[in-house]
Structure formats: structure tokens, C-alpha cells
Amino acid sequence: MAVFAMFQTSATLEAIRQTGRFAVHFVEYPNRSAAMHFASRSADKFNDDLEWEESQEGLPMLSGFNTCLSCRLVELRPAGDHDLVICAVEGVDLSDIQCEPTAWFMSSFHELQRPISLSH
């Protein structure tokens, strides 16, 4: 299972409601412009500037991302002006791309440092 939040008036959230299946990409620092494109109100999410291919499940998989989940909608729960999207993870796609983890905080992306190993 996975849970994430989406703005209630999002066109992408409406598409998730209608289809019940979707892909979730984990954002790495180099992918922040693609993430902002999908977070925008643009109607054309899959324009010519983005490289992607269809997964075995028929879901759009963006190129250049390290981790992508194939998901099925389980439930939507209101949370303020967002909905919590609760989904079942039906597949995980991992690439060999090495990137630093990234977090969205206070309206911008922040590259996180990997923890230092405590083993000697």
C-alpha cells in the first residue's frame, strides 16, 4: 500500500478517479522540472518534451526516474483541501539510475543527503 496527497481540484486526481489505475514516480533532484510539469494545471501532461513509454500494465512510465510504482486506487479520503490517495502497489520498476533522494518542503525541492553508514 502507498498513500499520497493531491489537491482536490486536480485534473490528475480526476483521471485517477475515472481510471482507478496510475503510476507514481519518485522524484529525484534532476527530475524536478518534470515533477513541476505534472503538478501544474496544464491539460497536456504528456507533451512532446517528455520521454515516456507504456508499461506492461498500460501505464505511462517516464524516462529518467529511478523508481516508479504501478498502482490501483483503493480509497480517497478528504484531508483539508487535498485528498489522500490510498492505493495498492501492483508493481515496482527500479532503474540503475543513481540519484540523491529529494523532498518537497516549503514550496521547493530539497536534495537530501544519504545517511552515513555506521559500520566500520
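Its first residue numbered 72, the sequence shown is counted upward by one per residue in my numbering.
No residue lacks a Cβ here, since even glycine has one placed at the ideal position from N, Cα and C.
Counting only runs of 4+ residues, the alpha helix (DSSP H) found wholly inside the segment 98-140 occupies 103-110, in chain order. Pairing Tyr100 with Glu161 gives a Cβ-Cβ distance that is not under 8 Å. For Asp164, the closest alpha carbon among the candidates Ala174, Glu128 and Met177 is that of Glu128. Apart from sequence neighbours up to five positions away, the residues of its chain that approach Ser166 with a beta-carbon distance below 8 Å are Phe136, Asn137 and Thr138, ordered along the chain. The residues Trp123 and Pro131, in chain order, have a CB closer than 7 Å to that of Phe117 in the same chain once the five nearest residues on each side in sequence are set aside.
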